[in-house]
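First comes the structure, then the notes that go with it.
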Amino acid sequence: MTVSAFFDTNVLVYAAVGAGRDEHKRKRAMELAESIDFGTSAQVLQEFFVTVVKKVSRPISAAQALEWVEQWTAFPCQTIDHQLVRDPMRLSWRLPKRSEPTRSTGPAPG
Numbered sequence: 000m001t002v003s004a005f006f007d008t009n010v011l012v013y014a015a016v017g018a019g020r021d022e023h024k025r026k027r028a029m030e031l032a033e034s035i036d037f038g039t040s041a042q043v044l045q046e047f048f049v050t051v052v053k054k055v056s057r058p059i060s061a062a063q064a065l066e067w068v069e070q071w072t073a074f075p076c077q078t079i080d081h082q083l084v085r086d087p088m089r090l091s092w093r094l095p096k097r098s099e100p101t102r103s104t105g106p107a108p109g
């Protein structure tokens with residue numbers, strides 16, 4: 000999948016149900032969706048569905064949520080497999096964060 004941005008659940012939720020005090024977030028999410036080449040994942044689409052149908056203060060119907068999901072299936076959807084999950088875990092284990100001191104990965108001298 001080659002896109003300029005990956006949209007997580009929050010962006011999709013704001014686009015669909017952002018209102019009231021979150022109206023500016025809804026507008027921004029829609030601007031992004033209409034102006035950049037983005038992708039998402041099956042996991043994000045599933046999280047979106049559950050969130051907008053069951054977890055937000057003003058839920059939408061399952062049918063409305065499915066309409067949103069159908070619109071987003073026109074964009075690239077990253078498959079989730081063990082390698083996609085494992086590789087970043089390995090990187091985070093091997094590469095210290097900038098604020099952390101470098102850790103030795105070998106056995107202690109002795």
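Everything in the sequence shown is counted per numbering that gives the first Met the number 0, starting at 0 for the first residue and increasing by one. Glycine residues also receive a C-beta, built at the ideal position from the N, C-alpha and C atoms.
Less than 8 angstroms separates the beta-carbon of residue 61 from that of residue 52. Rounded to the nearest angstrom, the gap between the Cα atoms of residue 74 and residue 39 is 8 angstroms. When beta bridges are read from the DSSP output, residue 38 appears opposite 5. At a Cβ-Cβ threshold of 8 angstroms, residue 11 and residue 49 do not count as neighbours. Annotation: the continuous alpha helix (DSSP H) that includes residue 85 extends over 81-93. Residue pairing from DSSP places residue 77 in a beta bridge opposite 40. In this structure residue 67 is in contact with residue 15, their Cβ atoms being roughly 5 angstroms apart against a cut-off of 8 angstroms.
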